[in-house]
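Data first, discussion second: the structure below is written as structure tokens.
Protein chains in written order, with our numbering: chain Z, 1 to 304; chain H, 1001 to 1304; chain D, 2001 to 2304; chain W, 3001 to 3304.
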């Protein structure tokens, strides 16, 4: 498994100042770099230069970046992606601020996926010498520690799952199918390392973002996060609640442009010998929102 | 302040076996006594004979019982209730299983309120000698420790508040009024000791129950409670969420007959020098559901 | 029960600047008033003018203040204290900054206890109109919400318990005695309202302070508090741990002068019909430190 | 990285019945298989046949088993181990109940390390179809979900670290060295996937076990675990506390034979691009026990 993790998410925002306020003051990220309508942010426990990039103008996903282990991995992936029939371009150092050479793939779902192994090392807020468990000065707002995963929509989940398996060596931690005797794939949650998911996709329009998520320490941190959301007038989609899928705990909410965010905690440890869990459509509501066993229409319909 | 606490709630349930299963296996209460269509239950950390009584037939509140300190308190309250103009009857030992003499008052809101100072002592599950913090054998289902408060509806909140102040020496911890310049009372949360509330009422039909609540240790216990609700197919009204009013944490849900229950944690310490907090109608949604800042229609409309 | 709560603790500190830093930056209290070697502090969820007063010079307890409901209570207590044989003086408005007339009693244990019903109202950090559950700007350091209780030492616990029962109308929530057949009182935890304890005492030298405690929201808040203690180099006595007595959760630590503090969460609801729990000396270690079932010598021997 | 995780720990216990009671009733593991003085146990969230094996007779570590991805990994590791100069034997299917062919390596620290890719699949308690987040029937005792890591002692930490790097492709998440200008290695915490550590070692006698650890959901689960330990008279070494190293939360305790166990929660996500954190000996106490910043002699000296 040569893909390490979701490294960055680029999104469009209708108003950069408002978006900056949300990601900096509500979520607690730091602005590392800014140029001409674009802001590069990282969370306190992230070492790389940026994990969320805001582009002024519009709304929705621009592209995803996944970090890979080394250049050899890039070469291997390039070959496999071409063999799969995907559109693959070489990405040059500097195409993205502080990011090295890499690949730019158009997924079968029409999303742009960038892969890279080099990015400027900035370091976490607690450092590499005798560190504290969190920054001494305290955290700003929710204080998200790091980016975790993203959920995108696709017309053909089975095709996209095969792409991530064959080209990127991901595996499905959990899958949602039509029923016990109907293996039509509705959604898949896939991992590249040991998390429950590093990417997930659900049947829907190509090229769209359902949400991207930050990893939180635990359930108690979600109450604090929810309080901060209320103080900052952040619209909550659903949660705090338990997920059936991944067994995690969650709050879904929206940035000022309408892009959906999640704070997520918990989950289990996967790995190469993981056996995929299957959900059937009759239990889908329990799978998504284990607590309430119902899904609101907004959660199903709003993507950006 | 001579009223000690909400001692018991009698409710009608459409099917006693189903209700018994809910209160015993989902909530974790113990059946202490049963006769002829009636089940008397208590929670593990309650010492008195019962706190919830289920009556087969119909749905909704039968009556509330508040425990007072002593017989002198009963006599004092009787006089004040009569002076207030309420209907007051003497209740005899044995009218309720294991409960002593007392008073039966018809509140201005048409609810029946019983007051008593004696009830058979059964003891908590952890006992009075070198106790553990919770029962060694573990807890069943949610494992509610004790009854906490109730919320009822009334056509005239201001009248009912005055009754609880003048006759029962309660005080308002928090009040919801029309607006900064409109002191029409919409709801009041009142305490008799040091809790945020021992009873609350909101404008609505006379004689109805909105919910009764159990006190839980903390926010983590609410996640466990929610998981148990999901496993037992319990319909959740809303939560886990933060309350603005009382600052507590909450999950609202329904018993099989449709009576609303709550598990509640947190809150602050009140007392005789407490200054009442005021909420205005424009902030009512934030007051009820601080997390989501919206109230679903079901929460407003369903009473039993 | 006319005593409302522990209102204030006056302590000596060897260095006011260091103590101020501890109570303000580590614990998160605010300095409300200062004069000539004395600092008056309150916590964010306290409404009265001050709860902790630091006096430069030496170490140890100066005096305790308990707030009572009204002047009539003061008069009643004065009579009962005199009948008990205690030394009682009238305290005048202004003897303590912002505190009204009251009583000053020398306890049988040689501690000075002040009682008062009036103190300047400052208000909590969240206010009385549509409040947030905690201050929007966040909390400083541990962010203690309020003072809770104190534990003092006495040569004659049985005598002191009788004083608090007869004169102040406290009751024992829990007691530690010699053994099943030895009712020599070693310690008593007493309440005036509905908490597990508002004061406690244990056999030892007269006039000494074991600790005073702040009330915290829950167990998760104790981990955060412990982290802050580590960052601020605060010596921890013991904890995070569970108490057997009171069933609460705790961390004990020291201020820079060596006065012991506690952050405490949890516990149960008491009241006038509470039946006292009894611990026997063979289970004392489990009673104090339920988690570890052993007590270090420092905890037993260090008082100020 | 072809090693997946710590798969099993074999330990000697002085009395099998007592040990069985500890691992089954206190920790909550299930006995999957027993023969002739040996008990094979697994935790509820583990899918493989066993993770802890108890052997009657004596005390201390017998051997460790790490699961690898496939047979090719075994062959590769065999070659690298031989090149390193370690003693490597082939292990046959059936040498361990339900475990396939593999390798048996004598580490430079004289510990026996087994590597295998096949072991009978038993499945978790929640299964692969529409699972609940935890077993409906509830958990027994502490209810540990899964084995996590182990800490062993070695005369030459630098040599053992090089072995795990060169032969098994582990990386150091954190290291403890003599000082800023003294890079003598005292301890190393190494991972094979994305956890903070899958194995750790500290300078000491060869062949010894310091502890093995279970992964827990969060800090709240550690309070519950501590309560269960108290109820079951389990000796606690230290905790609940925060680790500096790994940023996790911990309780250390002993099984009836004196083998040290840990329940561990929290931590961060590592990976192939992780930069090693360094602790210096002057901060070692804070690194081990961030909360108390001191280490008791028992923690340093007791190994089995």
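Even for Gly, the Cβ is constructed at its ideal location relative to N, Cα and C. Remember, it's a predicted structure, so these values are computed and weren't measured experimentally.
**Message:** Give me the chain W residues within the contact set of residue 277 of chain Z, using Cβ-Cβ distance strictly less than 7 Å, ordered along the chain.
**Reply:** 3128 and 3131
**Message:** List, from N- to C-terminal side, the beta strand (DSSP E) runs of 3 residues or more that fit wholly inside the stretch 1155-1219 of chain H.
**Reply:** 1171-1179, 1182-1191, 1199-1203 and 1208-1215
**Request:** With a 10 Å radius around its C-beta and 16 neighbouring C-beta atoms as the bar for buried, classify residue 1090 of chain H as buried or exposed.
**Result:** exposed
**Asked** For residue 3124 of chain W, which of W:3053, W:3048, W:3057 and W:3104 has the nearest alpha-carbon?
**Response** Among W:3053, W:3048, W:3057 and W:3104, the Cα nearest to that of residue 3124 of chain W belongs to W:3048.
**Message:** Taking the straight line between their C-alpha atoms, what separation do you get for residue 190 of chain Z and residue 162 of chain Z?
**Reply:** Answer to the nearest angstrom: the Cα atoms are 11 Å apart.
**Item:** Other residues of its chain near residue 1206 of chain H: CB distance less than 8 Å, five sequence neighbours each side excluded
**Value:** Cβ within range, chain order: 1109, 1110, 1111, 1153, 1154 and 1155.
**Asked** Buried or exposed: where does residue 278 of chain Z fall if 16 or more other Cβ atoms within 10 Å of its Cβ makes it buried?
**Response** buried
**Asked** Nearest to residue 65 of chain Z by CA position, among Z:86, Z:79 and Z:99, is which residue?
**Response** Z:99
**Request:** Could you tell me if residue 2233 of chain D is buried or exposed, where buried requires 16 or more neighbouring beta carbons within 10 angstroms of its beta carbon?
**Result:** exposed
**Asked** Can you find at least 3 beta carbon pairs, one from the stretch 1169-1179 of chain H and one from the stretch 1141-1150 of chain H, that sit closer than 8 Å?
**Response** no
**Item:** Short CB-CB distance (under 8 Å) between residue 3250 of chain W and chain Z
**Value:** no
**Message:** Does residue 3080 of chain W come out as helix, strand or coil in the three-state DSSP assignment?
**Reply:** helix
**Asked** What distance in whole Å lies between the Cβ atoms of residue 1266 of chain H and residue 1194 of chain H, which are believed to be in contact at a cut-off of 8 Å?
**Response** With 8 Å as the limit, residue 1194 of chain H and residue 1266 of chain H do not qualify as a contact, their Cβ atoms being about 14 Å apart.
**residue 3059 of chain W and residue 3008 of chain W closer than 8 Å at C-beta** = no
**Request:** For chain Z, find out if any of its Cβ atoms is closer than 8 Å to the Cβ of residue 3065 of chain W; answer yes or no.
**Result:** no
**Asked** Going by the CB atoms, is the gap between residue 1253 of chain H and residue 1261 of chain H shorter than 8 Å?
**Response** In this structure, residue 1261 of chain H places its C-beta atom within 8 Å of the C-beta atom of residue 1253 of chain H.
**Message:** What would DSSP say about residue 2029 of chain D, mapped onto helix, strand or coil?
**Reply:** coil
**Prompt:** With respect to the alpha helix (DSSP H) encompassing residue 2288 of chain D, which residues constitute its N-terminal and C-terminal limits?
**Reply:** 2284-2288
**Item:** Segment limits, beta strand (DSSP E) that includes residue 2056 of chain D
**Value:** 2052-2056
**Prompt:** From residue 3295 of chain W to residue 2172 of chain D, what does the alpha carbon distance come to, in whole angstroms?
**Reply:** 38 Å
**Message:** Could you pull the DSSP bridge partners for residue 2149 of chain D from this structure?
**Reply:** D:2213
**Prompt:** DSSP three-state call for residue 22 of chain Z: helix, strand or coil?
**Reply:** helix
**Message:** For residue 12 of chain Z, count the other beta carbons within 10 Å of its own beta carbon; 16 or more makes it buried, fewer makes it exposed. Which is it?
**Reply:** buried
**Neighbourhood of residue 3071 of chain W by C-beta, 7 Å cutoff - its chain only, sequence neighbours within 5 removed** = Around residue 3071 of chain W: 3117.
**Asked** Where do the N-terminal and C-terminal ends of the alpha helix (DSSP H) with residue 300 of chain Z fall, by residue?
**Response** Start and end: 297-301.
**Request:** Kindly list the residues whose CB is nearer than 7 Å to the CB of residue 1242 of chain H, restricted to its own chain and excluding five residues on each side of it in sequence; keep chain order.
**Result:** For residue 1242 of chain H, same chain residues with a beta-carbon under 7 Å away, outside a window of 5 residues either side, are 1249, 1290 and 1291 in chain order.
**Item:** Beta carbon of residue 1028 of chain H nearer than 8 Å to that of residue 1144 of chain H
**Value:** yes
**Message:** At the 8 Å Cβ level, is residue 1019 of chain H part of the contact set with chain D, yes or no?
**Reply:** no
**Request:** Kindly indicate which residue of H:1045, H:1121 and H:1114 has the alpha-carbon position closest to the one of residue 1132 of chain H.
**Result:** H:1045
**Asked** In chain D, which residues lie with their C-beta within 8 Å of the C-beta of residue 1004 of chain H?
**Response** Under the 8 Å cutoff, chain D gives 2271, 2272 and 2273.
**Request:** Give the straight-line distance between the Cα atoms of residue 96 of chain Z and residue 115 of chain Z, rounded to the nearest whole angstrom.
**Result:** The alpha-carbon separation between residue 96 of chain Z and residue 115 of chain Z amounts to approximately 11 Å.
**Asked** Buried or exposed: where does residue 3280 of chain W fall if 16 or more other Cβ atoms within 10 Å of its Cβ makes it buried?
**Response** So residue 3280 of chain W ends up on the buried side.
**CA-to-CA distance, residue 1228 of chain H to residue 293 of chain Z, given in whole angstroms** = 13 Å
**C-alpha distance - residue 2956 of chain W paired with residue 3183 of chain W, whole-angstrom precision** = The structure shown does not extend to residue 2956 of chain W, since chain W spans only 3001 to 3304, so no value can be given for it.
**Request:** Could you have a look at residue 2059 of chain D and say whether DSSP puts it in helix, strand or coil?
**Result:** coil
**Residue environment, residue 219 of chain Z, which counts as buried when at least 16 other CB atoms sit within 10 Å** = buried
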